[in-house]
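Going by UniProt numbering, the first residue of the sequence shown is number 1, and it counts up by one from there.
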Amino acid sequence: MAVVTMRQLLESGVHFGHQTRRWNPKMKRFIMTERNGIYIIDLQQSLSYIDSAYEFVKSTVARGGTILFVGTKRQAQEPVEEQAKRVGMPFVNQRWLGGMLTNYTTMSARLQRMKELEEVDFDDVAGSNRTKKELLQMRREYTKLSRTLGGIRDMGRVPNAVWIVDTKKEHLAVDEARKLNIPIVAILDTNCDPDDVDYPIPGNDDAIRSVGLLTRVIADAVADGLMSRGGAKTGEETPGEELGAEEPLADWEKELLASKAAEQSAETPAAEAPAADAAEAPAAEAPAADAAEAPATEAPATEAPAAEAPAETPAES
């Protein structure tokens, strides 16, 4: 079963790239055409790359690995947090702090400090042996730490892979992951560099519906990996479910969908032709075989009328 369908990608606007003046020439192989000054991404390739990324994430999690979800741009903050929490994975959706991966020792100390502040009752001035000003400063420190590090609170080690929504926006995360040889799974818009990503998914990294759909596909892969690992809570959502209500497709989008379907149907008969010929060959030989066996099988049938003739003669008279 397909992880996601062509129609879902079209309805979510995954095929829309950037303006033609804002592009990376390395992305040329993923671009199908240009329309109204906007590059259109080849969704047939996107489907193939989605399957590859899905299998990689699933196998990584099944072996006990963790996937860090990263998306700090406004369109990505909500889906990144929602999907990461659904499958129990760490996430960064506010601000990427330098050294989150490459200086994890210092980052672990900050996480420990945040956990210590969680135990403090900031409203209990009398029982805390601290002044009101000290408690106010500690509250502000905790608020700041939880906002930036809350998503990786329980990440005990460097992740096995990272999911990144916009590689240009999250260039710090990309650089750190590459320094540590951590595999990168990411959405590649037409202005991105495909050389930075190990498992690219050509698509729109600006539309909320597109980001939401692709992030949920990765979360579904994590869920499948957790199920393979055993005893994980994966939620009630299933892979391939559509996000939000359906919106009508533009005429040219319908033509694109129809042309892709026509290409697939044209390839199917060609692939089935040898099988059809092989199936017809025995049928063509059947009459010859029947003709060869006819004298032996039809002999009793020719004697039957002779035996019945005397019985019919009195009836006619």
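Note that beta-carbon positions come from the ideal geometry of N, C-alpha and C, so glycine has one too.
Let me know the secondary structure DSSP gives residue i once reduced to three states.
i, result
"H171", "helix"
"M227", "helix"
"A284", "Low per-residue confidence applies at A284: pLDDT is 44, beneath 50, and the placement is therefore not dependable enough to give any value."
"E34", "strand"
"F56", "helix"
"G151", "helix"
"Y39", "strand"
"Q19", "strand"
"L9", "helix"
"P202", "strand"
"A207", "coil"
"L188", "strand"
"V4", "coil"
"I218", "helix"
"A279", "Low confidence applies to A279: its pLDDT is 43, below 50, so where it sits in the model is not reliable enough to give any reading."
"E293", "Residue confidence for E293 is low, a pLDDT of 43 falling below 50, so the modelled location carries little weight; the figure read from the coordinates is stated next. Looking at E293 - three-state DSSP - the assignment turns out to be helix."
"V14", "coil"
Let me know if residue i comes out buried or exposed under the rule of 16 or more other beta-carbons within 10 Å of its beta-carbon.
i, result
"D166", "buried"
"P159", "buried"
"Q112", "exposed"
"T33", "exposed"
"N204", "buried"
"T131", "exposed"
"G17", "buried"
"L180", "exposed"
"Q19", "exposed"
"T106", "exposed"
"Q75", "buried"
"K115", "exposed"
"T143", "exposed"
"D196", "buried"
"R21", "exposed"
"G156", "exposed"
"S228", "exposed"
"A109", "exposed"
"R95", "exposed"
"Q137", "exposed"
"K58", "buried"
"D154", "exposed"
"S12", "buried"
"residue 319", "Outside the modelled stretch of the chain, which goes from 1 to 317, sits residue 319, for which no answer is possible."
"A245", "Only weak support exists for where A245 lies, its pLDDT of 37 falling under 50; the coordinates are left without a value."
"R63", "exposed"
Could you check how far apart the C-beta atoms of residue i and residue j are, in whole angstroms? I think they sit under 8 Å.
i, j, result
"L188", "V4", "The Cβ separation is near 16 Å, so there is no contact."
"Q168", "N191", "The sequence given here has Lys at residue 168, not Gln. That pair is a contact at about 6 Å."
"A161", "G65", "7 Å"
"L172", "L145", "About 19 Å separates the two Cβ atoms, so there is no contact after all."
"V14", "S46", "6 Å"
"V222", "M89", "6 Å"
"L101", "I218", "With 8 Å as the limit, L101 and I218 do not qualify as a contact, their Cβ atoms being about 18 Å apart."
message: Between the region 138-152 and the region 43-54, can you find at least three pairs of beta-carbon atoms closer than 8 Å?
response: With the cut-off at 8 Å, the region 43-54 and the region 138-152 do not touch.
task: Ignoring anything shorter than 4 residues or poking outside the region 45-127, list the alpha helix (DSSP H) runs there in chain order.
output: DSSP assignment within the region 45-127 yields the following whole alpha helix (DSSP H) runs of 4 residues or more, N-terminal first: 74-87, 104-118.
Validate contact between the region 171-179 and the region 74-87 using beta carbons, cut 8 Å, 3 pairs: no
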